[in-house]
Each structure stands twice: as C-alpha cells, then as structure tokens.
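Novice: Per the working numbering, the sequence shown starts with residue 1131, numbered consecutively.
Let me begin by handing over the structure; questions about it come next.
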Amino acid sequence: MLNLLKIRNLALVDELVWELGPGLVGVTGETGAGKSVIVGALKLVLGERADKSLIRTGEDACTVEAVFQLRDAAEADAVLAEGGLEPCEDGSLIVRRVIGLNASRQFVNDSPVTLGLLKRLGEHLVDLHGPHDHQSLLSTERQLSMLDAYAGSDGALDTYRRAWRAWRDKIAELDDLRSAESASNQELELLRHQVDEIDAAQLKPEEEDEIADRYRRASNATRLVELSAAAASALGVDESGVLARLVEVQRWVRDLEKLDPGIRDRTQGLEAAVMELQELERSLADYAEELDIDPAEAQRLERRVNVFETLKRKYGADLTAVIAHRDRAAARLDAVENRGERLEQLGAEVDALREATDKAGLTLGAKRKKAAPKLAKEIADQLKDLGFKQSSFELRIQAGREPGAWGLESVEFLFGPNPGEPLQPLRQIASSGEISRVMLAVKSALAEQDATPLMVFDEIDANVGGEIARAVGKKMAGLGARHQVVAITHFPQVAALAARHYVVEKEVAGGRTRSRLYPVAGEGRIAELVRMLGGGGESARAMAASLLAD
1131 MLNLLKIRNL
1141 ALVDELVWEL
1151 GPGLVGVTGE
1161 TGAGKSVIVG
1171 ALKLVLGERA
1181 DKSLIRTGED
1191 ACTVEAVFQL
1201 RDAAEADAVL
1211 AEGGLEPCED
1221 GSLIVRRVIG
1231 LNASRQFVND
1241 SPVTLGLLKR
1251 LGEHLVDLHG
1261 PHDHQSLLST
1271 ERQLSMLDAY
1281 AGSDGALDTY
1291 RRAWRAWRDK
1301 IAELDDLRSA
1311 ESASNQELEL
1321 LRHQVDEIDA
1331 AQLKPEEEDE
1341 IADRYRRASN
1351 ATRLVELSAA
1361 AASALGVDES
1371 GVLARLVEVQ
1381 RWVRDLEKLD
1391 PGIRDRTQGL
1401 EAAVMELQEL
1411 ERSLADYAEE
1421 LDIDPAEAQR
1431 LERRVNVFET
1441 LKRKYGADLT
1451 AVIAHRDRAA
1461 ARLDAVENRG
1471 ERLEQLGAEV
1481 DALREATDKA
1491 GLTLGAKRKK
1501 AAPKLAKEIA
1511 DQLKDLGFKQ
1521 SSFELRIQAG
1531 REPGAWGLES
1541 VEFLFGPNPG
1551 EPLQPLRQIA
1561 SSGEISRVML
1571 AVKSALAEQD
1581 ATPLMVFDEI
1591 DANVGGEIAR
1601 AVGKKMAGLG
1611 ARHQVVAITH
1621 FPQVAALAAR
1631 HYVVEKEVAG
1641 GRTRSRLYPV
1651 AGEGRIAELV
1661 RMLGGGGESA
1671 RAMAASLLAD
C-alpha cells in the first residue's frame, strides 16, 4: 500500500505529511479547499508531465514523495530492471518528483529515472479514476485485458504473443526479400571479392594482439639484445659493475657490525638486495641469449600485420568488425544467389508459424469464451447493488479477420441500463454517473485478480443520489478489504463508510492561504458529516451519527 505521501510547495499546500493506513480512506472538504492537490500529487508520482504553474507562489520548486510497501514487488522489479536499477528491498519503493522552475527530476529509491520509466512503474502502483478518467475502461484492448485477468489466461496470452510475434517477424522477412531488387553483376562481384579476401586471411580475432606483440619483439630483436646485455654488464661482478661495488659495501658493513652489533637492524636488508640484483643480472643475461634474431620470421610477422591493417582499413576497426562484415556480405550474397530457394523456404516457415499462432490463439480463445459469461454475470450482479436493478451486461466476443496482438478475437463490453432497450458498447454511454458506476462494478468483480496496490476514486460518486451514493460507498469499502482505496467525495454516505476519514481545508496564516489535511474521528468526524449533510441542528447530527453507526 501507499504508506506515506509527502507534498511540499505544491499549489496551496506548503507542507503535508500524510500516513494513510489500509482499507478505505475517505477525503472530504469544501469545494476549492485543495482536495485536487492530492490527486495532482499522485498523478506526478504516476509519471504525468508537470506544469510549472503548480509550484507554490514565491518558491523555486515543489516536491512530491510517495513511500509504497509492496506485498509482491515482481512487476515493479521488472520495470526497475528495464532501467538498470536494483530491485526493491523488502518490498519498499520510494518515488520522488522534484519540479523546478528551470528543470524537473524524478527518482526511484534515490536513483534518477526517466519520466517514461516512472510512468510504466506507476501503472503497477496506483489505479486512479475521476469523473473523466474512464478511457481505459472504454478501450476494447483494456476490456480484453480485464477478461484475461478474470479467466487466468495470462500464460496462454504470453504463449500466443510469442507465436504471433515470430509469425509477424517472418512475414516481414519474407516481404523484405520479395521487395528487394535483384543485385547487379557488379555488386555480386564485389561481394564475392570481399568474402574471398577475408576468408583467405583466415582471421582469428584473438591473434591480433599476439601477432602484434611477436612482431614488435622480432623487429626490435637487435636492440633488445644490446639493451639487455648492457644492463647485465652494468650489474656484473667486474670492477665497474654494481655487484662488484656491493661486495665492497658488504665488507664495510660486516666490519661495522663487529664494532657495533646493534647496527644490524639497519643493515639487514643489504644481503637480500645483493641476492635480488644477482638474480636480475642472471635473468637479463639469459634473456639476451634467448632472443632469436631471425629476419625471415620478422618478415613473415610483418606481412601478417600488414594483412590485418589492410583489412581493417577496408572493413572495420578491428578483426571482430572485419569478420562481422564478411558474415554480412556472405549473407547478402547467399540471399541474392539463392533468392528463389529462400523465398520458398520463408513461405513454408510463415505457414508453419501461422499454424502455431492459430493453435495458441484457439487455446487462448477457449479460456476467454468460458470465462466471459461468468464475468458478465458477476458485473451484472455488482451493478444491481449500485442501483441498476433491471440492467443488462454482456461481453460480446467477435472473431477477427487476422490474428492480432491480443489474439484471434476482440471483446466488447455491452451495457443496457434500462429494460427493453438494446445493449450498447460502453463508449456510447453518455452519462458520467452511469459509466462511473459501471467502472466500479467492473473493479469490484475483478478485485481478486487486480494486483494494483492503491485505487483512488476522485468524486466518481458525482451525479448520483443519496441511496446510490451509499451503495457506491459500500462497493468502495468492499474493495478496501483487498486493496488500499482512497475516496475523495462530497457524499456523507460514502465518507461515513471509510475506515479513516481526513478533511482538507483552507486557512490563512501570515497573509498567505494554504491547504492542510488532518484526520477526524469521534465528534470531529460527526461534525464534518453534519457539514456535508448541509448542517442544521440535532436532526443532522443524529443522521450523521446514524450513518457512522450503520
């Protein structure tokens, strides 16, 4: 759930720290008090583009921070992995937006992220619905996704999509080959020359550094002998050598140690130094003798290096790139020379992949057709609770002409609010009050399958009567048993059903207007419900107390 929401310098809110809690959370207040700021803050968390006019007057930036605790972080972790981020630790996820006058930034668990990644992440965190936020419900693709969730056919859908993508990719490959112009004789000759030239070199990417190293030693062998022999001679034991002088130093030190044994702590490293220099002198002498001055070998290595450099100038920065160029040229040559045979082969592959796609689509479709009437009945039952006593609801499944990204069929949610009238697609329903209740019925029917932690309903109870508002509130409370639900409402019947009740109000302090949010309980909550009922005496208070008691 959403544990904590922090807002700073957003519109009329100077600073707000809100710990929500589980279940149904009610938010009420006068029109214009600032309830929309909460919705606006959540939309920023969801990755919506920010308007600099949201920054509180006189401030340089506004900040929104949301702390989520996820029971199952698999989907969120998958999105984070796309952006190269670490997975959630213990299911904890912190989203922060900073909107500045000059620049805006967004962070997840203190790591900077793109707005696109935040938007994809937000789809798994919050499901927000307002009076005009029902486009997702009207989308036939979204309706199909809801049916799949209810049918438990996500695995079948994944299998189908893999088959469908493979089929579409193979069709694209076949179309490219059909539309490609035949290569000219000049191009064919060039391709053959490139493949033959690179093949003749018998390249191995790992030999480039080895050959270069051996060539460097062979071409500098004479100089290497001179230098190593000179260094060994300088270290030698003749009168001018370093080791000869060190023998004399050893004699002086031994005399010192006889006169003052305490000096041994200072001189004990001399023997080791002499031994190391003796070993170095022998090693340099051996190295000089091992160097093989072979002009023929040097010439052979030089020719090999020249081959490498020539091919790299023509085909790539290193031998790996040269070999890759050869493979592309060979593939192009093969495609042109064997175009007819390849067309026939690709056609057979397309047919086989289409057969696999149809098979996976039929399996997926069977699950959908079995689940559709059950889901329709469950939604219809939910609608009856929301005041549509004689309404009808159906899921119409229609076969498509060709396999599509979502399967072999499409689905349309059909609703008839009045008996005797034909059912119509949801997108043709004009009443926002009706579509809001249909959306709530669908959400209630899919409560167990919907994994979104937080649902936000922003005044979706508008344009409904008192009893219907009470039914809407009960549905939200029911959803609160499986999700965290925030209901921003003007109806006391809805607010009274909330497990926690918060009030937003405006106040003037120091000549500035600000919005604040605070919890109400007991008498304070009754007073807020009385205000929502229109005020007035003991009868309103008794009604408010009755709503809470119920």
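Ideal Cβ positions, reconstructed from N, Cα and C, are used throughout, including at glycine.
Hey, which unbroken runs of the beta strand (DSSP E) at 3 residues or more fall wholly within the region 1222 to 1300?
Specialist: For the region 1222 to 1300, whole beta strand (DSSP E) runs of length 3 or above, ordered along the chain, are 1222 to 1230, 1234 to 1238, 1256 to 1259.
Novice: What whole-angstrom Cβ distance do K1165 and G1156 have, given they're in contact under 8 Å?
Specialist: Position 35 of the sequence shown, counted from the start, is the residue given in the question as residue 1165. Position 26 of the sequence shown, counted from the start, is the residue given in the question as residue 1156. 11 Å between Cβ atoms; not a contact.
Novice: State the beta-bridge partners of C1218 as determined by DSSP.
Specialist: Position 88 of the sequence shown, counted from the start, is the residue given in the question as residue 1218. Per DSSP, none; premise fails for C1218.
Novice: Could you check whether the region 1336 to 1345 touches the region 1456 to 1473, counting it as contact only if at least three pairs of C-beta atoms, one from each stretch, sit closer than 8 Å?
Specialist: Because the criterion of three Cβ pairs below 8 Å is not met, the region 1336 to 1345 and the region 1456 to 1473 do not touch.
Novice: Ignore the nearest five residues each way along the sequence and tell me which others in I1527's own chain have a CB closer than 7 Å to its CB.
Specialist: Walking along the sequence shown from the start, residue 1527 turns up at place 397. For I1527, where only same-chain residues beyond five positions count, the Cβ hits under 7 Å are R1498, K1499, A1502, E1539, V1541.
Novice: Considering only C-alpha positions, which residue in the set G1537, G1546, L1318 is nearest to T1289?
Specialist: In the sequence shown, residue 1289 corresponds to position 159, counting from 1. Checked all of G1537, G1546, L1318; the closest Cα to T1289 is G1537.
Novice: Return the first residue and the last residue of the alpha helix (DSSP H) that E1076 is part of.
Specialist: What the structure shows of the chain is the stretch from 1131 to 1680, and residue 1076 is not part of that stretch, so it cannot be assessed.
Novice: Would R1469 and L1307 qualify as a contact pair, given that the criterion is a beta-carbon distance under 8 Å?
Specialist: Taking the first residue of the sequence shown as position 1, residue 1469 is located at position 339. Taking the first residue of the sequence shown as position 1, residue 1307 is located at position 177. In contact: R1469 and L1307 (Cβ atoms closer than 8 Å).
Novice: Return the CA-CA distance between S1669 and E1658, expressed in angstroms with no decimal places.
Specialist: Indexing the sequence shown from 1 puts residue 1669 at position 539. Indexing the sequence shown from 1 puts residue 1658 at position 528. About 14 Å.
Novice: Only counting the same chain, and skipping five residues up and downstream in sequence, which positions put a Cβ closer than 7 Å to that of L1677?
Specialist: Residue mapping note: residue 1677 aligns to position 547 of the sequence shown, counting from 1. Hits under 7 Å: P1622, Q1623, A1626, L1659.
Novice: Considering only residues of the same chain and omitting the five flanking positions on each side of N1133, which have a CB-CB separation below 6 Å?
Specialist: Counting from 1 along the sequence shown, the entry for residue 1133 is found at position 3. Cβ neighbours of N1133 beyond the five flanking positions: V1197, Q1199.
Novice: Where DSSP assigns a beta bridge to Y1632, which residues make up the other side?
Specialist: Sequence index remark: in the sequence shown, residue 1632 carries index 502 (1-based). BP columns for Y1632 point to V1157, P1649.
Novice: Among residues of its own chain, excluding the 5 on either side of L1609, which ones have a beta-carbon nearer than 7 Å to its beta-carbon?
Specialist: Within the sequence shown, residue 1609 is the residue found at index 479, counting from 1. If we look at L1609 and ignore the five residues flanking it on each side, its Cβ neighbours are K1573, S1574, A1577, M1585, V1615.
Novice: Where DSSP assigns a beta bridge to A1617, which residues make up the other side?
Specialist: Here residue 1617 is taken as the residue at index 487 of the sequence shown, counted from 1. In the DSSP output, where bridge partners are listed per residue, A1617 has G1156, F1587.
Novice: Which ranges would you report for the beta strand (DSSP E) in the region 1131 to 1193 if only whole runs of at least 3 residues count?
Specialist: Listed in chain order, the complete beta strand (DSSP E) runs (minimum 3 residues) inside the region 1131 to 1193 are 1132 to 1140, 1143 to 1149, 1154 to 1158.
Novice: Is there a Cβ of chain B sitting closer than 8 Å to that of L1223, yes or no?
Specialist: Absence of chain B from the displayed structure is noted, only one protein chain being present.
Novice: Looking at the unbroken alpha helix (DSSP H) that takes in G1477, where does it start and where does it end?
Specialist: As a working mapping, residue 1477 is identified with position 347 in the sequence shown. Unbroken alpha helix (DSSP H) run through G1477: 1469 to 1515.
Novice: Find the nearest neighbour of E1303 within the set R1226, A1478, A1191, judged by alpha-carbon distance.
Specialist: Locating residue 1303 in the sequence shown gives position 173, where the first residue counts as 1. Of R1226, A1478, A1191, the residue nearest in Cα terms is A1478.
Novice: Assuming the contact rule is C-beta atoms closer than 8 Å, A1607 and L1184 should be a hit. Round their C-beta distance to whole Å, please.
Specialist: Taking the first residue of the sequence shown as position 1, residue 1607 is located at position 477. Taking the first residue of the sequence shown as position 1, residue 1184 is located at position 54. At roughly 32 Å, the Cβ-Cβ gap does not stay under 8 Å, so A1607 and L1184 are not in contact.
Novice: Less than 8 Å between the beta carbons of L1505 and L1525, yes or no?
Specialist: Translated into positions along the sequence shown, residue 1505 becomes position 375. Translated into positions along the sequence shown, residue 1525 becomes position 395. Result yes, Cβ atoms of L1505 and L1525 sit closer than 8 Å.
Novice: Report yes or no: do the region 1236 to 1246 and the region 1204 to 1217 share at least 3 C-beta pairs separated by less than 8 Å?
Specialist: Yes: at least three Cβ pairs fall under 8 Å.
Novice: Anyone know if the C-beta pair for A1141 and G1170 falls short of 8 Å?
Specialist: Here residue 1141 corresponds to residue number 11 of the sequence shown, with the count starting at 1. Here residue 1170 corresponds to residue number 40 of the sequence shown, with the count starting at 1. Yes, Cβ-Cβ distance for A1141 and G1170 is below 8 Å.
Novice: Output the distance between the C-alpha atoms of G1446 and V1452, rounded to the nearest integer angstrom.
Specialist: On the sequence shown, position 316 is the one that residue 1446 refers to. On the sequence shown, position 322 is the one that residue 1452 refers to. So the alpha carbons of these two residues sit roughly 5 Å apart.
Novice: How many angstroms separate the CA atom of A1203 from the CA atom of G1221?
Specialist: Taking the sequence shown and counting its residues from 1, the one referred to as residue 1203 is at position 73. Taking the sequence shown and counting its residues from 1, the one referred to as residue 1221 is at position 91. Their backbone Cα atoms lie some 6 Å apart in a straight line.
Novice: Excluding five sequence neighbours on each side, which residues of the same chain lie with their C-beta closer than 6 Å to the C-beta of E1635?
Specialist: Mapped onto the sequence shown, residue 1635 falls at position 505. Answer for E1635: G1159, A1163, listed in chain order.
Novice: Which residue wins for smallest C-alpha separation from G1652, given the options H1631, L1414, A1233?
Specialist: For the purposes of this step, residue 1652 is taken as residue 522 along the sequence shown, with counting starting at 1. It is H1631 whose Cα lies nearest to the Cα of G1652.
Novice: DSSP puts P1555 in a beta bridge; with which residues?
Specialist: For this step, residue 1555 is matched to residue 425 along the sequence shown. Note: P1555 sits in a beta bridge opposite L1544.
Novice: Taking C-beta to C-beta, are L1135 and V1256 nearer than 8 Å?
Specialist: Sequence index remark: in the sequence shown, residue 1135 carries index 5 (1-based). Sequence index remark: in the sequence shown, residue 1256 carries index 126 (1-based). Result no, Cβ atoms of L1135 and V1256 do not sit closer than 8 Å.
Novice: Exposed or buried, P1391, counting other C-beta atoms within 10 Å across all chains shown (16 or more means buried)?
Specialist: On the sequence shown, position 261 is the one that residue 1391 refers to. The residue is exposed, with fewer than 16 neighbouring Cβ atoms inside 10 Å.
Novice: How should Q1512 be labelled, buried or exposed, when 16 other C-beta atoms within 10 angstroms of its C-beta is the threshold for buried?
Specialist: Counting from one through the sequence shown, the residue named residue 1512 turns up at place 382. Under this definition Q1512 is a buried residue.
Novice: Just reading off the alpha helix (DSSP H) that I1328 is part of, what are its end residues?
Specialist: Counted from its first residue, the sequence shown places residue 1328 at position 198. First-last of the alpha helix (DSSP H) with I1328: 1315 to 1331.
Novice: Secondary structure at E1336, three-state DSSP: helix, strand or coil?
Specialist: In the sequence shown, counting from the first residue as 1, residue 1336 sits at position 206. E1336 falls in the coil class under three-state DSSP.
Novice: How many angstroms separate the CA atom of A1679 from the CA atom of R1661?
Specialist: Along the sequence shown, one-based indexing puts residue 1679 at 549. Along the sequence shown, one-based indexing puts residue 1661 at 531. Those two C-alpha atoms are separated by around 18 Å.
Novice: Rounded to the nearest angstrom, how far is the Cβ of Y1345 from that of L1441, given a contact under 8 Å?
Specialist: Position 215 of the sequence shown, counting from 1, holds the residue named residue 1345. Position 311 of the sequence shown, counting from 1, holds the residue named residue 1441. Between L1441 and Y1345 the Cβ distance is about 16 Å, and since that is not below 8 Å, they are no contact.
Novice: Rounded C-beta distance between D1515 and A1601? I'm assuming under 8 Å.
Specialist: Position 385 of the sequence shown holds residue 1515. Position 471 of the sequence shown holds residue 1601. Correct: roughly 6 Å between the Cβ atoms.
Novice: Among Y1280, R1381, S1363, which has the Cα closest to the Cα of E1508?
Specialist: Here residue 1508 refers to the residue found at position 378 of the sequence shown. Residue Y1280 is the option with its Cα nearest to E1508.
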